[in-house]
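Enquirer: Numbering (full-length UniProt numbering), first residue to last: 1 to 121.
Cβ atoms here follow ideal geometry from the backbone N, Cα and C, with glycine treated the same way.
Structure in structure tokens, see below.
What follows is the structure, given as structure tokens:
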């Protein structure tokens with residue numbers, strides 16, 4: 001199975017998609033990204049596609065509370081880390097999306113199978 005991502009999904013606090021959207025958009029544009037889909041908050045630069053959503057949606061979407069995630073800090077940037085169980089919850093919910101299931105050619109199910117094997121070890 002090819003694990004190369006087709007895009008990069010970034011989850012950020014909702015405030016950046018509401019009150020601070022113009023500032024975030026400008027930062028992305030300064031990095032060479034162009035907004036290609038306002039509704040999906042999707043940017044593109046050459047072959048790199050970045051989709052931005054809000055982290056608070058993890059709880060209602062997949063029952064993952066981001067407050068309980070581990071945090072990795074690098075040069076002032078903080079990254080929330082999903083566990084294997086968290087990824088399973090997200091991919092299982094994604095699997096219910098008919099559009100995604102068709103678009104991803106069942107890649108999500110393959111990832112779920114691998115994650116389940118990892119949990120067994």
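Roughly how many angstroms separate the alpha carbons of residue 108 and residue 92, rounded to a whole number?
Expert: Translated into positions along the chain shown, residue 108 becomes position 108. Translated into positions along the chain shown, residue 92 becomes position 92. Going by the C-alpha atoms only, they are around 8 Å apart.
Enquirer: Looking at C-alpha atoms only, which residue of 17, 76, 66 is the closest neighbour of residue 83?
Expert: Walking along the chain shown from the start, residue 83 turns up at place 83. That would be 66, whose Cα lies nearest to the Cα of residue 83.
Enquirer: Cβ of residue 195 within 7 Å of Cβ of residue 63?
Expert: Missing from the structure shown is residue 195; the chain here goes from 1 to 121 and no further.
Enquirer: Going by DSSP in three states, residue 49 sits in which element: helix, strand or coil?
Expert: Reading the chain shown from its first residue, position 49 is the one you call residue 49. Strand.
Enquirer: Tell me the rounded alpha-carbon separation between residue 6 and residue 114.
Expert: Counting from one through the chain shown, the residue named residue 6 turns up at place 6. Counting from one through the chain shown, the residue named residue 114 turns up at place 114. Their Cα atoms are separated by approximately 18 Å.
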